[in-house]
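What follows is a short report on a single structure.
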Amino acid sequence: MSGQRVLQVEGLDVSVGRRGLLHDVTFSIDRGERVGLIGESGSGKSLTGLAVLGLLPEDVHARGTVALAGVDGNLLELDERRLSHIRGREVAMVFQEPMTALNPTSRVGDQVAEAILLHRRCSRGEARRAAVELLDQVALPAPAEAARAYPHQLSGGQRQRVVLAIALANDPELLVCDEPTTALDVTVQALVLDLVVRGVTARDSALLFITHDLSVVATVCERVLVMYGGRIVEAGPVEEVFRRPRHRYTQGLLEASDLEQAQEHTRLRTIPGSVPPAGRFPAGCVFRNRCTHATRECETLPPWTGPSPEQGYACFHPAHETAQVGS
Amino acid sequence: MSRIDPGIGAAGEPLPVGGLPRRRAGASLLVGAVLVGLVVAAALVSFVWTPYDPTLVDASSRLQTMSARHLFGTDKFGRDVFSQILVGARTTLFVGIVAVGVAGVIAVPLGIVAAMAPRWFAEPLMRLLDLLLAFPALLLAIMFSAVYGGSTLVAMIAIGIASIPSFVRVVRSGSLQVLSTEYVLAARAAGRRPVAIGWRHVLPNVSSLVIVQASVAFAIAILAEAALSFLGYGTPPPVPSWGRMLQESQEMLFTAPRLAVFPGVAIAVAVLGFNLLGDGLRDRYDPKLEDRR
Chain A
1 MSGQRVLQVE GLDVSVGRRG LLHDVTFSID RGERVGLIGE SGSGKSLTGL AVLGLLPEDV
61 HARGTVALAG VDGNLLELDE RRLSHIRGRE VAMVFQEPMT ALNPTSRVGD QVAEAILLHR
121 RCSRGEARRA AVELLDQVAL PAPAEAARAY PHQLSGGQRQ RVVLAIALAN DPELLVCDEP
181 TTALDVTVQA LVLDLVVRGV TARDSALLFI THDLSVVATV CERVLVMYGG RIVEAGPVEE
241 VFRRPRHRYT QGLLEASDLE QAQEHTRLRT IPGSVPPAGR FPAGCVFRNR CTHATRECET
301 LPPWTGPSPE QGYACFHPAH ETAQVGS
Chain B
1 MSRIDPGIGA AGEPLPVGGL PRRRAGASLL VGAVLVGLVV AAALVSFVWT PYDPTLVDAS
61 SRLQTMSARH LFGTDKFGRD VFSQILVGAR TTLFVGIVAV GVAGVIAVPL GIVAAMAPRW
121 FAEPLMRLLD LLLAFPALLL AIMFSAVYGG STLVAMIAIG IASIPSFVRV VRSGSLQVLS
181 TEYVLAARAA GRRPVAIGWR HVLPNVSSLV IVQASVAFAI AILAEAALSF LGYGTPPPVP
241 SWGRMLQESQ EMLFTAPRLA VFPGVAIAVA VLGFNLLGDG LRDRYDPKLE DRR
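Going down the list, the protein sequences come from chains A and B. In terms of UniProt numbering, the first sequence opens at residue 1 and continues consecutively. In terms of UniProt numbering, the second sequence opens at residue 1 and continues consecutively.
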């Protein structure tokens, strides 16, 4: 890859007590790149996002390295003081629930202005003007008036745009979005997605977009990481992964969201079984207890197959291989 | 079960249940505010005007009944009871402010710290406060008065200290709730430091709890002052105090019961007022009751 590397996560292991939540998570994002992280609920997506900001809860143990461009050392080992300088400036985050992501007792304009003042030396007046400017950038109607509103006076979509404005306030190198549109209705969703993409493109920032919605990844991202059971099971360019999934889990996910096929069969295809609770995934291939292709071989951990951590899969019986041989 | 009865449907049910308490909550807030307003007004008026000097002893007009000259009559020293009640309101508010002030200034930061601090610090702190909870407030106040000399200020500082534990608990539980919200996580993600989170995010969001707790503590302090003055540990003479007026009226309870009734009613009005105000504010601001609005 030609671009400058912004985020490098290597061998990230996260556990609570003896329960492993993330295993050997390795990936990287370059400047200006938009990467999707997909998987079902409970697969460890959000935890990965929080780890990137050094926001893991106190009672979890994390090993591995999280390196950010412009920051010396491993993010997992920095103290809160150093982290507070990095958060919001080098890396920012947009959360899932716009209804609760803003302080209800403070005007939204002030909240944006404070985000600016935290990392930039300027007067309150300048910060206020910059805040209105940012609210305008995220297409909030009448930004000067909206800045004086309290969060409860705004709709969910409007609040999520304020949250986005706060995240973009200091032109972060990396923006992490954790299901930012899941709580919004479809029309607002399209608008917010567009604003996210425009925001990061204008700043040439890297984007880590966490979602369970495959169509959202297809519209927003260039690359995708598929996560299941705390492991990255497949990675690659969106086109490639969605058109020719190799891991059986990815294949199942895609079939489950394929509406055209569903109309023919009148019933939506599903992945049998459900996601086990955290730390209760089977040894070896984490997907083998739900996989129709699983064999004895799958009881050992499948190795990563592919040219790089950015492209490949971890499966003994990948899809589309037999199909190719057969045809 | 095939059809939903519109009468008990999801839309119909909350109306009678949710509608009534809201009106009652508004009423207690209103009545509480009026009663408290009455006490505050009496205290304010007493600064600029009282019918007589409340401490003026006039042997010629002892134990007079209610009349146009002496609205509430006079006591055994000939002092005007109405004037004493007015000035006594000052004492009452003063003790409340001191006690709640002491408790609030110490307990609010302590509660927020106890919520944000790591377990090894917060747990011993809370147990230490539980220890303080074991002392009855009045006993603590009498102890303080015995050691530092009887004065309203000392007694009220003691009452304030005694109400710290419950105050801290309320603030801590509220703070824990606030700290688990996404906007606090978002604030950390934006690079906010813990102190700023406590000050800018937790404090404003627990302030409604603090106001409610303060108004209840206020009522307790008023009652405590009256009790202490009655026992002779509170406000020393000649400063008028409702509690001491009650005590002085004791020996004439059968000959001049009005001497006990007026300060008694005054105390009841003040305590009831602050309690209703606290209840009303809680109904209004308690986030758990939010769906009523």
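All residues carry an ideal CB built from backbone N, CA and C; glycine is no exception.
What residues in its chain sit with their C-beta under 6 angstroms from that of residue i, if we drop five residues either side in the sequence?
| i | result |
| --- | --- |
| A226(B) | W242, G243 and I267 |
| A165(A) | V112, L134, L135 and V138 |
| E299(A) | G284 |
| R269(A) | E255 and A256 |
| S46(A) | D178 |
Hey, how far is the Cα of residue i from the Cα of residue j?
| i | j | result |
| --- | --- | --- |
| A167(A) | A69(A) | 18 angstroms |
| T250(A) | L128(B) | 55 angstroms |
| R22(B) | V39(B) | With a pLDDT of only 47 at R22(B), under 50, the local geometry of the prediction cannot be trusted, and no value is derived from it. |
| M126(B) | V113(B) | 11 angstroms |
| L50(A) | I106(B) | 35 angstroms |
| residue 299(B) | G280(B) | Chain B is shown from 1 up to 293; residue 299(B) falls before or after that span and cannot be answered. |
| V66(A) | L7(A) | 7 angstroms |
| A142(A) | T50(B) | 57 angstroms |
| A186(B) | F47(B) | 50 angstroms |
| T255(B) | V57(B) | 20 angstroms |
| V36(B) | G156(A) | 40 angstroms |
| M99(A) | V184(B) | 13 angstroms |
| A137(B) | V271(B) | 17 angstroms |
| R124(A) | L117(A) | 8 angstroms |
| R223(A) | L191(A) | 21 angstroms |
| T48(A) | V94(A) | 14 angstroms |
| D80(B) | E123(B) | 54 angstroms |
| L223(B) | A217(B) | 10 angstroms |
| Q311(A) | S15(A) | 26 angstroms |
| R248(A) | H293(A) | 8 angstroms |
| P307(A) | L176(B) | 48 angstroms |
| A147(A) | A131(A) | 8 angstroms |
| V150(A) | D110(A) | Correcting the residue type first, residue 150(A) is Tyr in the shown sequence and not Val. About 10 angstroms. |
| G64(A) | R129(A) | 41 angstroms |
Can we count residue i as close to the ligand ZN, meaning its CB is less than 7 angstroms from some heavy atom?
| i | result |
| --- | --- |
| A217(B) | Looking at this structure, you won't find the ligand ZN or any other ligand, since it has none at all. |
In chain order, what residues of the same chain have a beta carbon less than 7 angstroms from the beta carbon of residue i, not counting five sequence neighbours either side?
| i | result |
| --- | --- |
| V239(B) | T91 |
| L179(B) | A115, M116 and V202 |
| P257(B) | none |
| V71(A) | I86 and E90 |
| V31(B) | L276 |
| A214(B) | V100 and G104 |
| R31(A) | G3, Q4, V6, D204 and A206 |
| R290(A) | I271, P272 and G273 |
| E126(A) | none |
Leaving out five residues on either side along the sequence, give the residues of the same chain with a beta carbon under 8 angstroms from the beta carbon of residue i.
| i | result |
| --- | --- |
| V186(A) | none |
| L184(A) | P98, G156, G157, Q160 and V192 |
Could one say the Cβ of residue i lies closer than 8 angstroms to chain C's Cβ atoms, at least one of them?
| i | result |
| --- | --- |
| G17(A) | Absence of chain C from the displayed structure is noted, the protein chains being A and B. |
Worksheet item: Taking any Cβ of chain A, which residues in the segment 185 to 197 of chain B have a Cβ under 9 angstroms from it, in chain order?
Response: L185, A186, A187, R188, A189, A190, G191, R192, R193, P194 and A196
Worksheet item: Does the segment 157 to 174 of chain B come close enough to the segment 79 to 91 of chain A to have 3 or more Cβ pairs within less than 8 angstroms?
Response: no
Worksheet item: Which runs of the alpha helix (DSSP H) spanning at least 4 residues fall entirely within the segment 95 to 135 of chain A, listed in chain order?
Response: 108 to 119
Worksheet item: What are the start and end residues of each continuous beta strand (DSSP E) run of 3 or more residues lying completely inside the segment 18 to 61 of chain A, in chain order?
Response: 19 to 30 and 34 to 38
Item to complete: Taking 8 angstroms as the threshold, find out whether the segment 195 to 208 of chain B comes into contact with the segment 105 to 114 of chain A through three or more Cβ pairs.
Response: yes
Item to complete: Could you say if the segment 30 to 48 of chain A and the segment 212 to 227 of chain A meet the contact criterion of at least three C-beta pairs nearer than 8 angstroms?
Response: yes
Worksheet item: For the segment 114 to 126 of chain B, which residues have a beta carbon sitting closer than 8 angstroms to at least one beta carbon of chain A?
Response: P118
Worksheet item: Taking only runs of the alpha helix (DSSP H) that begin and end inside the segment 38 to 119 of chain B, which ones reach a length of at least 4 residues, in chain order?
Response: 81 to 116
Item to complete: Pick out the complete alpha helix (DSSP H) segments inside the segment 232 to 301 of chain A, 4 residues or longer, and give them in chain order.
Response: 238 to 243, 248 to 256 and 259 to 265
Worksheet item: Is it true that the segment 72 to 81 of chain A meets the segment 152 to 159 of chain B, where meeting means three or more beta-carbon pairs spaced less than 8 angstroms apart?
Response: no
Discussion item. Within 8 angstroms, do at least three Cβ pairs link the segment 195 to 208 of chain A to the segment 228 to 242 of chain A?
Written reply: no
Discussion item. Is it the case that the segment 207 to 221 of chain A contacts the segment 26 to 38 of chain A, given that we only count it when at least three CB pairs across the two stretches are under 8 angstroms?
Written reply: yes
Worksheet item: For the segment 275 to 282 of chain A against the segment 19 to 33 of chain A, are there 3 or more C-beta pairs whose distance is under 8 angstroms?
Response: yes
Practice prompt. Count the C-beta pairs between the segment 141 to 149 of chain B and the segment 204 to 214 of chain B that are closer than 8 angstroms, then say yes if the count reaches three, no if not.
Written response: no
Worksheet item: Would you say the segment 281 to 290 of chain A touches the segment 200 to 214 of chain A, given that touching needs at least three Cβ pairs under 8 angstroms?
Response: no
Worksheet entry | Given 8 angstroms, three or more beta-carbon pairs between the segment 168 to 181 of chain A and the segment 85 to 99 of chain A | yes
Worksheet item: Using Cβ-Cβ distances below 9 angstroms, what residues of the segment 211 to 244 of chain B are close to chain A?
Response: none
Fill in: Interface residues of the segment 158 to 188 of chain A facing chain B [CB-CB below 9 angstroms]
V163, I166, A167, A169, N170 and V176
Discussion item. Could you check whether the segment 41 to 51 of chain B touches the segment 83 to 97 of chain B, counting it as contact only if at least three pairs of C-beta atoms, one from each stretch, sit closer than 8 angstroms?
Written reply: yes
Worksheet entry | Cβ pair count under 8 angstroms reaching 3, the segment 186 to 199 of chain B against the segment 56 to 63 of chain A | no
Worksheet item: When Cβ atoms are compared, which residues of the segment 200 to 211 of chain B fall closer than 7 angstroms to chain A?
Response: H201, P204 and N205
Worksheet item: Could you give the uninterrupted runs of the alpha helix (DSSP H) lying entirely in the segment 134 to 196 of chain A, keeping only those of 4 residues or more?
Response: 143 to 146 and 156 to 168
Item to complete: May I ask you to list, following chain order, the residues of the segment 158 to 183 of chain B that have a beta carbon less than 8 angstroms from some beta carbon of chain A?
Response: T181, E182 and Y183
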